[in-house]
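Asker: Protein chains in written order, with our numbering: chain Z, 1 to 77; chain Y, 1 to 235; chain D, 1 to 436.
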Amino acid sequence: METPLAMLPQGSSVKVVRIVGGKGITRRLVEMGFIPGEKVKILHSDFSGPILVSVKDSKVALGRGIAMKIVVDGLSE
Amino acid sequence: MITVALIGNPNVGKTALFNRLTGSRQHVANWPGVTVMKKTGRCKHKGEEMEVVDLPGVYSLTAASVDQLIARNFIVEEKPDVVVHIVDSTNLERNLYLTLLLLELEANVVLALNMWDLVKARGDQIDVDKLSKLLGIPVVPTVATTGEGVEKLKDEILRVSKEKPKRRLVVGYGEEFEKLIRKLEDVLRKDEKLAGRYPLRWLAIRILERDEDVLKRVGESPIKDEVSKVVKVFG
Amino acid sequence: MGEELLEDLDVVFAEKRYEVIKSILSQVWRKREVKWTFTDLLDHAFLHRGLGIPIFLSLLWAVFLFTFNFSEPFMVMIEMFFSWVGGFASGLENEVFASFIADGVCGGLGSVFVFVPPIFFLFLALAFLEDSGYLARAAFVMDRVMYRLGLHGRSFVPMIMGFGCNIPGIMAARTIENENDRLITILVNPLMSCSARLPVYVLISSVIFGAGYLAAASIYVMYILGIALAITMALTFRKTIFKGKPSPFILEFPAYKLPITRNVLTLTWERAKWFLIRAGTIIFSVMIIVWFLSSFPWEATGGGANIEASYIATFGHLIEPIVKPFGWNWMAAVALFFGFLAKEIVVGTFGALLGSGEEVELVRDSLVEAGIFTPLTGFAFMVFTLIYVPCVATIGIIARETNSAKWTIFSIVYLVALAFIVAGITIGIGRLLGIP
């Protein structure tokens, strides 16, 4: 099921489907490693405020707004 | 004198390496026209003087941010003899992205696998020779904070500055896109100014990516309309 | 070639590059899976929903404690040194020269050098936190709060540094990519009470409240007021001039590491250097000018003893009408005027005008004697000092960092206006409540 990254709870392991945003945001996210098919794990999220995820072996903090633009597919681990 | 540019993601230890190389022979100024700090320094190794330029920490080389444009323009326009790409070896997957972009820019890259001590501590294994072969560039493990590997790095810098680069890795984008790239290259070749300044393949790929800076320069070129016939990127 | 296909080519190409990287790494890299790393453990604590902010506030408190405690002995040594030199100089033959050395040079240099220890230690502590990787976590924890305030998570570090000195604080705003966010952070930074204003607070509060908890409380109020104003102005700017939401917050967390002495020291030096060079030359030159204007005409003032006969008094009386409504006299006006050049000079100027040298205790006694401030007018004076115009060195940095005359002038104008308004409101409320 496709959902924005921002709406998933801490501990979720997901896969990036696509990014819905302008060129600027898309580029920045892609540079950071958020490409379709990439596995992402939500390390810290409490439903208000920024989210910490693990992507491509590094930890990246995302503002809520940006996290809403990353559409992911929930996996179960 | 050889010019050496240092480039890498933020937080990879680039500053530490810069300090290792240049010691106290540093000079801080601003990149012209912007408020981004430019650090340059000198380094002497085996009788050769090197001027080391610290480029801003960047994740990529698109026209999206001032830092990236500065780094990119420096490499393209100043054409440093060597570009040392410093990576966080515990995080190769994302760090190598920039390496591929540098190779596309046809820079003479030497890869410094920094934070090598952390790799060992974690128990990870990296086949340095194989990596070097696959990328087509010298690869040197370093620990900038202790200085480990820095002498060897300096050796490789000198070596690369003299020898012609061998086979660099080239990323292929699939048959359809490669056809487009070749078509664009043929058109771009006709503008001597552009062709003399930038690698054609790099230009073609940037046009397809709709890079703002490249589109601006091509837009000012006489071959602009021909480019439009191949891909509609203007207007 | 279809238009739609062209739209996403940078993503398509990026994917291809990562494919190549994956294939390379599969041949070259073997990773050992680790469940929990030290970094994860620390993050669990630092980013904890309930504990995150308290931990951050405690660390911040620790930073201030460290700064003030470690720098105090050095500050005392420096003061003693300049007192000694000043005392030695007053015994010199030529009266004018003696005064120049004792009051002008020692007073001037003294008031600059005495601030080097706290500035140095503050920057040292902050550089340590930054290099260790903690500050990224702090920005994360604070971002939730800052987002609602119309600020960017990355505005956080510049604001904190502003408590030490607005100059590196404003320079630190470079890490903010979005122009609007950056501008707001820069414009609002001077409201973070920099360490140069502290001497003014200490002086005035001890004059009007004596030594005691009321004085300390009033200083604390200044800092809080500064933060409150910074937040208010940020929100205001966000709603009016810089419409729109703060730009996206993406921040990579570096792994924690024990900071390397060398890097930390280099970072500290780069920032402290600005203060020393800019502030140093300016403060010193201005103190010489103040000394000159308050000591001359030499005969009339009796070597600086009779201040009312000096050039500076003439000037002061000229500008006095501006501050009369606040209940301040011409000396306060002059002190504020020179304070524009560097906040520490406010104390020094009072010292020069009252003929009591640089020592805060002595100036305080003279001020009390001269009866220039009442509790209300003194408090309003502190408020005014908090807000009005940052020192000229900071303005120089604002000009450099914004690259725009328009925004530099705007920052000066809005801060002066805000200072008059808020100080005016303070006096107004105070009078209504019947406070003396």
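Every residue gets a Cβ at the ideal spot worked out from N, C-alpha and C, and that includes glycine.
Using a cut-off of 7 Å between C-beta atoms, extract the partners of residue 209 of chain Y located in chain D.
Answerer: 9, 10, 13
Asker: Would you mind stating whether residue 291 of chain D and residue 100 of chain D have Cβ atoms separated by less than 9 Å?
Answerer: yes
Asker: According to DSSP, is residue 393 of chain D helix, strand or coil?
Answerer: helix
Asker: Using C-beta distances below 7 Å, list every residue in its chain close to residue 437 of chain D, excluding the 5 sequence neighbours before and after it, in chain order.
Answerer: The structure shown has nothing for residue 437 of chain D, since chain D only spans 1 to 436.
Asker: Where do the N-terminal and C-terminal ends of the alpha helix (DSSP H) with residue 116 of chain D fall, by residue?
Answerer: 116–132
Asker: How would you list, in chain order, the residues of chain D whose beta-carbon sits under 7 Å from the beta-carbon of residue 48 of chain Z?
Answerer: 144
Asker: Closest Cβ-Cβ distance between residue 36 of chain Y and chain D: below 9 Å?
Answerer: yes
Asker: Residues bridged to residue 41 of chain Y by DSSP?
Answerer: As computed with DSSP, residue 41 of chain Y is found in a beta bridge with Y/26, Y/52.
Asker: Tell me whether residue 40 of chain D sits in a helix, a strand or coil according to DSSP, three-state version.
Answerer: Three-state DSSP puts residue 40 of chain D in a helix.
Asker: Note the first and the last residue of the continuous beta strand (DSSP E) segment covering residue 3 of chain Y.
Answerer: 2–8
Asker: Going by beta carbon distance, what residues of the same chain come within less than 7 Å of residue 199 of chain Y, once the five residues before and after it are set aside?
Answerer: In chain order, 105, 106 place their CB closer than 7 Å to the CB of residue 199 of chain Y, counting only its own chain and leaving out the 5 sequence neighbours on each side.
Asker: Across the region 16–27 of chain Y and the region 37–48 of chain Y, are there enough close Cβ pairs to call them in contact, namely three or more that are closer than 8 Å?
Answerer: yes
Asker: Give the residues from the region 54–77 of chain Y that approach chain Z closer than 8 Å (Cβ to any Cβ), ordered along the chain.
Answerer: 59, 60, 62, 64
Asker: Would DSSP call residue 27 of chain D helix, strand or coil?
Answerer: helix
Asker: Say whether the region 137–149 of chain Y touches the region 46–60 of chain D, bearing in mind that this needs 3 or more beta-carbon pairs closer than 8 Å, one atom from each stretch.
Answerer: no
Asker: Within its chain, find whatever has a CB closer than 7 Å to the CB of residue 55 of chain Z; leave out the 5 residues flanking it on each side and keep chain order.
Answerer: Excluding sequence neighbours, residue 55 of chain Z sits near 32, 33, 34, 38, 40.
Asker: Which residues in chain Z sit within 7 Å of residue 49 of chain D, going by Cβ to Cβ distance?
Answerer: 46
Asker: Out of D/76, D/298, D/418, which has the shortest C-alpha to C-alpha gap to residue 94 of chain D?
Answerer: Nearest Cα to residue 94 of chain D within the set D/76, D/298, D/418: D/298.
Asker: Are there 16 or more other CB atoms within 10 angstroms of the CB of residue 286 of chain D, so buried, or fewer, so exposed?
Answerer: Around the C-beta of residue 286 of chain D, 16 or more other C-beta atoms lie within 10 Å, and the residue is accordingly described as buried.
Asker: Mind checking who residue 453 of chain D pairs with in its DSSP beta bridge?
Answerer: Outside the displayed span of chain D (1 to 436) sits residue 453 of chain D, for which this structure offers no information.
Asker: Could you confirm whether any beta carbon from chain Y is found closer than 9 Å to the beta carbon of residue 32 of chain D?
Answerer: yes
Asker: Anything in chain Z within Cβ reach of residue 114 of chain Y, meaning under 7 Å, just list it in chain order.
Answerer: The contact set of residue 114 of chain Y on chain Z, defined by CB atoms closer than 7 Å, is empty, because the minimum CB distance reaches about 15 Å.
Asker: Under 7 Å, CB to CB, which of the residues in the region 121–155 of chain Y have a partner in chain D?
Answerer: 122, 123, 124, 125, 126, 127, 130, 131, 134, 145
Asker: What's the C-alpha gap between residue 214 of chain D and residue 419 of chain D?
Answerer: 23 Å
Asker: Can you tell me whether DSSP reads residue 216 of chain D as helix, strand or coil?
Answerer: helix
Asker: Excluding the 5 residues preceding and the 5 following residue 116 of chain Y in the sequence, name in chain order all residues of the same chain whose CB lies nearer than 8 Å to its CB.
Answerer: 89, 141, 142, 143, 148, 149
Asker: Where does residue 58 of chain Y fall in DSSP's three states?
Answerer: coil
Asker: Which residues of the region 188–215 of chain Y have a Cβ closer than 9 Å to any Cβ of chain D? Give them in chain order.
Answerer: 205, 208, 209, 210, 211
Asker: Does any residue of chain Y bring its CB to less than 9 Å from the CB of residue 468 of chain D?
Answerer: There is no way to answer for residue 468 of chain D, as the model of chain D reaches only from 1 to 436.
Asker: So residue 56 of chain Y and residue 70 of chain Y are in contact, right, with Cβ under 8 Å, and what is the actual spacing, rounded?
Answerer: Between residue 70 of chain Y and residue 56 of chain Y the Cβ distance is about 6 Å, and since that is below 8 Å, they are a contact.
Asker: Do the CB positions of residue 171 of chain D and residue 227 of chain D come within less than 9 Å of each other?
Answerer: no
Asker: Rounded to whole angstroms, what is the Cα-Cα separation between residue 342 of chain D and residue 395 of chain D?
Answerer: 11 Å
Asker: What residue from Y/229, Y/178, Y/220 has the CA that sits closest to residue 9 of chain D's CA?
Answerer: Y/178
Asker: Does the beta carbon of residue 25 of chain D come closer than 9 Å to any beta carbon on chain Y?
Answerer: It does: the Cβ of residue 25 of chain D has a partner Cβ on chain Y nearer than 9 Å.
Asker: Can you tell me where the alpha helix (DSSP H) with residue 185 of chain Y in it begins and where it stops?
Answerer: 175–188
Asker: Between the C-alpha atoms of residue 195 of chain D and residue 102 of chain Y, what's the straight-line distance to the nearest angstrom?
Answerer: 45 Å
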